[in-house]
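Notes for the one structure printed next.
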Amino acid sequence: MIRFFLAVFFAAVCAGCSASLPFISHKKSPAEKNLKEMALAYSSSDCLKVHELYEKFSAEKPDSALREKAYYYEGRCYEKEETADKAISIYKIAAELYPRNQVFPYRIALIYNATGFYDKALPLFQKVIDKNYEMEESLAGAARASRGLGKLKQAAEYYEAAVSVSGGNAGLIAEYAGCLSEAARFGEARAVIEKGIELKDSPEWAVMAAGTFAAEGRFDDAAASMDIALSRENSREYRMSRAFYDFWAGKKNSAMAAAEKELSAAPRDPLAAFLKGMILRSEGNTAEGNRYLRISACGGKFLYDISARMSSEPMPPVKELCE
Amino acid sequence: MGTRSRLSVKMRYFFLLLLFIQFFPLCVIPACAGTSDDRLLQELLWPGISNAPAGKRPAVGVALAGGGARAFTHTGFLQAMQYSSFPVDYVAGTSMGSVIGAYYASGKPIDDLWQLGGKLVKLGIKKDFFNIKLFSLIFSNKMMPAQNIQHIIEDMFGGTNIEDLQKPFACVAVDVRTGEKVVFRSGPVSVAVRSSANFPGFFEPIAYKQRYLVDGGVVENIPVDVVKAMGADWIIASIDRIESDSMPSNVFAVLMQVIDVRGGMLASESLKKADFIVDPPVGSISTTAFERSLEAAEAGLSQTVKDMPEMKKAYIIKALPYVAGIDVIPDDSSAGKAALSVERK
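The listed protein sequences derive, respectively, from chains L and E. Sequential numbering of the first sequence, starting at 21, is according to our numbering. Sequential numbering of the second sequence, starting at 935, is according to our numbering.
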């Protein structure tokens, strides 16, 4: 019996020794130290230091497991510095070396999306979605890439999935509604907007709804929706939107009153001047109409072109008119 | 080393140019550049224009070019037009453009058009091309009947007449005996489309009303004139240029490429008359590569989505005076032309 207890005691002591041995005997390699410092520098957003440490780290020729994290820190720093090409290069190497780690194709896909290479981003997002990686952002990324390529049906499906995974992300819901609206699925867009209203209190929902009504030619409904937005935020953009919807609804007097009110506060307001000029011209008041169209012509490139088109006289060059 | 230093000098100039633009912008007046008011105004004008009834705005016509499998780019183009609620009042097509145009004009859902390429492959459209035996063609002095293509087109349109389609439609063929351009604006859709898409040289001409008809691509590959004659005031050409620098691998491919190059030369004249051109990068897709039709359609969609803001802008400028009931300087006057500079690509 005593022998048995002694055997158990020695076994326990030996096990303890062997377990503690690595901690006693293990010394961190310079590469490991550099990696640890790199992590600290990355977390404090000191990318200069990250790059410096990465150089030292690479010179040590560390093993593959250590390099995986280093690629990540270095790549993220390139992203922060907006050197997308360098970030993509390093992520591509890492994606080849560590095919099971989805963070690298995911980061490449995010960069492609942000730089407008939707055709390259989409298959990468689809790949990481298959691996169930960062589902909300990956689904949203696939939705954005599809939308950028014009594949609105597919984009809407991804948005729907992303919204359902997110469990209530108002920003995503707004994007989803925008996508449905772009696909001329206006009724569905309004249903999604309703969900958004429940989540976040913002006049932007009413503005989006107004856009869907206007696209269907329901200008009275669009104006009513703008009234809701205006009750929350009385901005010039909202006031002018409402005035144009009135114009399209055939309520020229109301549109004119809104334009004049805007012009009394800012006599060179390009949008108000354009609306007033257009209404005056449609009523046969050519001289006054042209006068306002010359004001609106200074509001931007498109405003110049459309004002010139609506005027009964040749529009003077921009320099002469607006400087 | 030399290349590197030359490159670095070039890079230095490039960065200097960037700095110059940053600190000395070429234009400081808003009217020279796009502004947020520009964007808002476009958004507010578009619903009024796109919802205006047909007679109250300039009629929009689409001219769909021929190009075999590449012509599936029109599927994406028409899809993007539908998404944007861009009005389409007249449709004209040549060759495969006529097949897609007639399908669209019939009012069938565009979703079905996306499946059409795959369906054509399944139904054996390529078999007609593979069945071409040059030996028998030369020595028997007989051309091949395009049986599969014929059946496919008859299945698609049945006994429908052009005048019964939902949108006004026309397509172009050519009478091989006289060289006359024949424009179908009435009569059976299947005969019109079959004639328009009847590849010359190998397949038998279609005999119809004392005419012997082959592919219209030979005389008008982009039917801009046709859609104008139908009544369109503003024309969008959807085209699908081939990259003619590729070396054809056999006699059949040489003939196809010659026809394509010839069509391309004629097309440049047509394009001058178009108000807007959608030109997606589908040049690497060969005429008979119907298995790549989805790729062509996606390229068409992507390109049209990219072009849509400019397309809308150009049409707003054309249409707004009509919709708002205003007399303006005629489009052909110099001032009118200046104002409409954005319309042409």
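Cβ atoms here follow ideal geometry from the backbone N, Cα and C, with glycine treated the same way. Here the structure is a predicted model, which is why all the values come from computation and not from measurement.
Chain L has a Cβ within less than 8 Å of the Cβ of D972/E. At least one beta carbon of chain L lies nearer than 8 Å to the beta carbon of L978/E. Taking the beta carbon of W268/L as reference, the chain E residues within 7 Å of it are P981, G982, listed in sequence order. Secondary structure at K215/L: helix, using DSSP grouped into helix, strand and coil.
Contacts with chain E at 8 Å (Cβ-Cβ) do not include E253/L. Not a single C-beta of chain E is nearer than 8 Å to the C-beta of A176/L. Taking C-beta atoms as the reference points, L1200/E and N1132/E fail to come closer than 8 Å. Sequence-distant Cβ neighbours of H71/L in its own chain, meaning closer than 6 Å and more than five residues away, do not exist here. Going by beta carbons, G320/L and T969/E fall inside the 8 Å limit. Judged by beta-carbon spacing, E1088/E lies within the 8 Å limit of S1124/E, meaning their Cβ atoms are closer than that value.
By the rule that beta-carbons nearer than 8 Å mark a contact, A204/L touches chain E. When rounded, the separation of the alpha-carbon atoms in G1051/E and L1228/E is 7 Å.
Taking 8 Å as the cut-off, the beta carbon of Y258/L is found no closer than this to the beta carbon of A243/L. In the DSSP assignment, L341/L falls within the alpha helix (DSSP H) that extends over 338–342. It is roughly 48 Å from the alpha-carbon of A275/L to the alpha-carbon of Q146/L. Comparing alpha-carbon positions, the option among D1109/E, K1240/E, G1000/E lying closest to K1143/E turns out to be D1109/E. Here F1210/E carries a strand assignment [DSSP, helix/strand/coil]. Collapsing the DSSP output to three states places R238/L in coil. Contact of D1109/E with chain L is not assigned, every C-beta pair being separated by 8 Å or more. In the same chain as E52/L, and ignoring 5 residues on each side of it, the C-beta atoms closer than 8 Å to its own belong to P82, L86, in chain order.
Taking 8 Å as the cut-off, the beta carbon of I108/L is found no closer than this to the beta carbon of Y91/L.
P290/L reaches chain E at D971, counting residues in chain order whose Cβ is nearer than 7 Å. The shortest CA-to-CA distance from A999/E to any of L975/E, A1107/E, P1134/E is the one to A1107/E. Of all C-beta pairs linking the region 285–295 of chain L to the region 1005–1025 of chain E, fewer than three are shorter than 8 Å, placing the two stretches out of contact.
Of K1162/E, G1151/E, S1218/E, I1169/E, the smallest CA-CA separation from D1194/E is found for G1151/E. Of all residues in the region 302–320 of chain L, the ones placed with a Cβ closer than 7 Å to any Cβ belonging to chain E are S302, A317, C318, G319, G320, in chain order. When Cβ pairs closer than 8 Å are counted between the two stretches, the region 978–986 of chain E is seen not to touch the region 167–178 of chain L, the count staying below three. Around the beta carbon of Q1049/E, fewer than 16 other beta carbons lie within 10 angstroms, which makes this residue exposed. For I1169/E, the CB contacts under 8 Å within the same chain, skipping 5 residues up- and downstream, are V994, G995, V996, A997, V1158, V1161, K1162, K1207, A1208, D1209, F1210 in chain order. In the three-state scheme derived from DSSP, where H, G and I count as helix and E and B as strand, A1131/E is classed as coil.
Under the 8 Å criterion on CB atoms, P1043/E is classed as non-interfacial with respect to chain L.
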